[in-house]
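Residues in the sequence shown are numbered consecutively from 973, following the numbering used here. Here the structure is laid out as structure tokens; the discussion comes afterwards.
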Amino acid sequence: GIKPECLSRVTDAEVLDLINSCIGNEHDRLSAQKIIEHPFLAVEPEVVLVTTENRAQLTMQVVFKGVDKLSVKIEFNVDTDTAEEVVHEMIQEQVLPAKYQYRITGEINRLLRERRSRPRKSTNSARM
């Protein structure tokens, strides 16, 4: 087939790859599922702090905002767990996709750093 003239103006390699994957020969085109999984369209997971039951126990949620709206809750003990170990275990149990290992680990570590940098609320109140 003949490619559109405007295709030459596309400068982003990832976008160009996606477009070419959609307009190529019928036998070479990606399936709809493969197109959704293309890096340009892929939705990165987000890690959100849900609750802090106490100082040591956190509940986090990994949210995938893609087509299937998948979310995974993580119980995290600040004193005994590391982001790397928890994410690795969840990948081994096939709860999380391995391709997001570094992204999710980084997000958990970011939440932990933010939590540590916040001043703690004092439990002592002034008495009269």
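Built from N, CA and C at the ideal position, the CB exists for glycine as well.
Might you give, ordered along the chain, the residues of its own chain that have their beta carbon closer than 7 Å to the beta carbon of residue i, omitting 5 neighbours on each side?
i     : result
V1034 : P1017, V1019, S1043, V1044, I1046, L1068, I1076
A1070 : I1063
Please go through the same chain and pick out, in chain order, the residues whose beta-carbon is closer than 8 Å to the beta-carbon of residue i, but skip the five residues on each side of it.
i     : result
L1002 : S993, C994, H1010
Beta-carbon within less than 6 Å of residue i's beta-carbon, same chain only, minus the 5 sequence neighbours each way: which residues are those?
i     : result
V1050 : A1028
A1156 : The structure shown has nothing for residue 1156, since the chain only spans 973 to 1100.
F1036 : P1017, L1042
What residues match up with residue i in a beta bridge as DSSP calls it?
i     : result
E1047 : T1031
V1020 : Q1033
Which whole-angstrom value describes the C-beta separation of residue i and residue j, a residue pair presumed to lie in contact below a C-beta threshold of 8 Å?
i     : j     : result
L1021 : L1083 : 5 Å
L1030 : F1048 : 4 Å
V1059 : Q1073 : 6 Å
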